[in-house]
Amino acid sequence: MDNLRSFIVCIVVVFHAALAFMIFCPEWWPVADPQQNLFFTGVVLLTDVPIMPIMFLLAGYFGLESLRRRGLGDFWHDKFWRIVVPWLLGIVVIAPFCPYFLLLSRDANPPSFLHVLTDLYFTERYNTQGALWFLGVLTVFFGALSLVWAAWPALRRVDEHPGRPTAAFWVGFSAVVMVVFLAVNQFWFDFQWVPIDYVLWVQPTRVSLEAFYFVLGVHACRGRWFVAGGYRPNVVVWLPVAVAAGALLFVYKMWVGFLMPELWMRAGHAVLHCLFCLATTLALIGLFQAHADRTGAFLGRLAAASFGIYWVHMPIVFAFNLLVRGYDWNIYVKYLVVSALALVVSHLVASRGLLLLPIFGGRRLTSPRLLAR
């Protein structure tokens with residue numbers, strides 16, 4: 000689970016690197032490369048579906064375990080310093096780079112970063128939280144989990160024997176998620192960002208999915224699904240479903256477009272989107288159980304630095320996107336250069352700098368196994 004979380008964080012970095020090279024790059028994305036390719040549109044559209052639901056599933060899984068181990072008071076002491084403080088600090092230190100690079104890549108005479116921070120960032124046009132929206136939503140989800148924890152003592156009990164979800168469970172879960180996703184999509188189109196009093200930033204269709212996966216993670220922890228002798232998703236089943244659903248989802252989106260004005264269009268999208276998300280999530284969990292259920296010096300350091308990598312990576316990605324934009328290189332070479340440099344530099348900043356701070360882990364964890372936890 001630790002290694003899966005590290006892997007997803009690395010995928011988030013290369014996902015954001017790909018946005019600059021995709022056809023239909025959003026106009027609000029800070030840096031767009033003049034060379035664009037449909038391949039990167041596919042990378043973005045498909046990668047965007049499962050990465051954050053998996054992050055929320057892992058957060059729910061580890062969140063319930065942390066509540067059981069620490070109790071409510073210590074749990075929130077830890078989450079305040081490890082989630083809330085980095086979120087608020089990032090809003091001031093990291094997020095303003097989004098409008099700064101937007102202006103830097105488009106204006107002949109861009110303003111200074113200080114001007115963006117003090118005069119532009121906290122206005123409606125330029126306010127954003129970048130990737131830090133995850134920490135704000137996660138804080139709300141942890142708050143909801145804490146309320147349920149306080150009101151429902153059964154959540155505190157640990158099942159004696161590891162549980163195994165049935166096929167009927169997955170059918171029911173998928174059906175409910177698809178219906179809710181479609182219902183939300185009646186009011187907001189997919190990909191649409193909505194600020195809630197400019198404190199939280201959410202994509203309504205996606206946050207509904209993320210809430211279900213957070214609850215799924217809590218349920219999995221309560222049923223001890225992924226412990227030794229517990230549930231192991233069948234990769235032979237879920238991986239082909241993920242590949243087929245992903246291919247169909249991409250073709251479908253290219254066919255009906257992104258706005259999907261008709262109900263039948265949104266219904267087909269809800270089915271394919273949610274099926275691809277579930278199948279990919281379970282396939283990755285099964286793959287990591289089978290092939291990455293171990294730790295070591297490198298994996299331990301990567302796991303320890305993963306939160307810092309997520310926190311700091313966006314301005315680093317933008318800087319390298321902007322750096323290669325002026326070169327007439329092959330588009331795939333450009334993408335590989337940006338992705339590799341962004342991963343390496345983000346890891347160096349996180350492991351050699353941020354991990355010195357207690358809010359990112361501090362120096363109190365030293366062994367690879369402890370670092371991974």
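Going by numbering that gives the first Met the number 0, the sequence shown opens with residue 0, and the numbers climb by one from there.
Note that beta-carbon positions come from the ideal geometry of N, C-alpha and C, so glycine has one too.
Considering just the uninterrupted stretch of the beta strand (DSSP E) at ILE82, what are its terminal residues? Taken as a continuous stretch (DSSP letters only), ILE82 belongs to no beta strand (DSSP E), as it is neither H nor E.
Pull up the distance between the alpha-carbon of HIS160 and that of GLU64, whole angstroms please. Distance between the alpha carbons of HIS160 and GLU64: 16 Å.
State whether the region 345-352 contacts the region 31-49, with contact taken as three or more CB pairs (one from each stretch) at a distance under 8 Å. Using a C-beta cut-off of 8 Å, the region 345-352 makes no contact with the region 31-49, since fewer than three inter-stretch Cβ pairs fall below that distance.
Could you check how far apart the C-beta atoms of HIS272 and MET259 are, in whole angstroms? I think they sit under 8 Å. Between HIS272 and MET259, the beta carbon gap of about 11 Å keeps them out of contact (Cβ cut-off 8 Å).
Taking the C-alpha atoms as reference points, what is the distance between VAL170 and PHE306? Annotation: VAL170 to PHE306 spans about 33 Å, alpha carbon to alpha carbon.
Beta-carbon proximity list for PRO314, same chain, < 6 Å, skipping 5 on both sides: The answer, listed in chain order, is PHE96.
Mind checking who ASN36 pairs with in its DSSP beta bridge? Its beta-bridge partners are MET21.
Can you name the start and end residues of the alpha helix (DSSP H) that PRO194 belongs to? Unbroken run through PRO194 is the beta strand (DSSP E), 193-195; no alpha helix (DSSP H).
Just to confirm, is the Cβ distance from ASN320 to ALA16 under 8 Å? Yes, Cβ-Cβ distance for ASN320 and ALA16 is below 8 Å.
Sub-8 Å separation of PHE287 and LEU3 beta-carbons: Going by C-beta atoms, PHE287 is nearer than 8 Å to LEU3.
Exposed unless 16 or more other CB atoms sit within 10 angstroms - verdict on PHE190: Exposed.
Could you check the C-alpha separation between MET403 and VAL255 for me, to the nearest Å? In this structure the chain extends from 0 to 372, so residue 403 is not present and cannot be described.
In angstroms with no decimal places, state the Cα-to-Cα distance between ASP196 and ASP77. For the pair ASP196 and ASP77, the Cα-to-Cα distance works out to about 26 Å.
Tell me the DSSP secondary structure of ALA174 in three-state form. Here ALA174 sits in helix by DSSP.
Below 7 Å CB to CB, which residues in the same chain sit around ALA289 once its five sequence neighbours on both sides are set aside? Listed in chain order, the non-local C-beta contacts of ALA289 below 7 Å within the same chain comprise VAL234, local neighbours out to five positions each way being set aside.
Considering TRP200, what are the terminal residues of the beta strand (DSSP E) in which it resides? For TRP200, the uninterrupted beta strand (DSSP E) run begins and ends at 199-201, by DSSP.
Cβ shell of THR40 (< 7 Å), same chain only, five flanking positions each side left out: Contacts found: MET21, ILE22 and PHE23.
State yes or no: is the C-beta of ASP158 within less than 8 Å of the C-beta of GLY222? Annotated as proximal: ASP158 and GLY222, with beta-carbon spacing under 8 Å.
Same chain, Cβ closer than 6 Å to PHE74, neighbours up to 5 away in sequence not counted: Hits under 6 Å: SER65 and LEU66.
Just to confirm, are VAL136 and LEU199 a CB contact at a threshold of 8 Å? Yes.
Would ALA303 pass as a contact of LEU354 if the rule is Cβ separation under 8 Å? Going by C-beta atoms, ALA303 is nearer than 8 Å to LEU354.
Touch check for the region 83-94 and the region 230-249: three-plus C-beta pairs under 8 Å? Contact between the region 83-94 and the region 230-249 is absent, because fewer than three Cβ pairs lie under 8 Å.
Taking just the CA atoms, how far does VAL316 sit from ILE10? So the two alpha carbons sit approximately 13 Å from each other.
Alpha-carbon spacing of LEU18 relative to VAL176, whole angstroms: Note on geometry: alpha-carbon atoms of LEU18 and VAL176 lie some 27 Å from one another.
If you run the structure through DSSP and keep just helix, strand and coil, what is GLY216? In the three-state reduction of the DSSP assignment, GLY216 falls in the helix class.
Have a look at LEU342, TRP28 and PHE275 and flag the residue whose alpha-carbon is nearest the alpha-carbon of THR127. Of LEU342, TRP28 and PHE275, the residue nearest in Cα terms is TRP28.
Using only CA atoms, which one of VAL8, VAL91, GLY162 and PHE121 lies nearest to TYR228? Note that residue 228 is Gly in the sequence shown here, rather than Tyr. The closest CA to that of GLY228, considering only VAL8, VAL91, GLY162 and PHE121, is found on GLY162.
Tell me the start and end of each unbroken alpha helix (DSSP H) in the region 202-256 that is at least 4 residues and wholly inside, in chain order. Correct list: 203-221 and 234-255.
Between the alpha carbons of ALA150 and ARG300, how many angstroms are there, rounded? The straight-line gap from Cα to Cα measures roughly 38 Å.
For ALA107, the three-state DSSP class (helix, strand or coil): Three-state DSSP puts ALA107 in coil, outside helix and strand.
Check whether the region 173-187 touches the region 106-117, counting contact only when three or more Cβ pairs, one atom from each stretch, lie closer than 8 Å. The region 173-187 vs the region 106-117: no contact.
Under the rule that 16 or more other beta-carbon atoms within 10 Å means buried, what is TYR326, buried or exposed? Exposed.
Start-to-end residues for the alpha helix (DSSP H) that takes in GLY307: From DSSP, the alpha helix (DSSP H) with GLY307 extends over 296-324.
Once you ignore the five residues that flank SER338 on each side, which residues in its own chain have a CB closer than 6 Å to its CB? The answer, listed in chain order, is VAL13 and ALA16.
With 16 other CB atoms within 10 Å as the buried threshold, where does MET0 fall? A residue is called buried once 16 or more other Cβ atoms fall within 10 Å of its Cβ, and MET0 is buried on that count.
Measure how close the beta-carbons of LEU131 and GLY62 come, nearest whole angstrom, since I'm counting them as under 8 Å. The C-beta distance from LEU131 to GLY62 rounds to 18 Å, too long to meet the 8 Å contact threshold.
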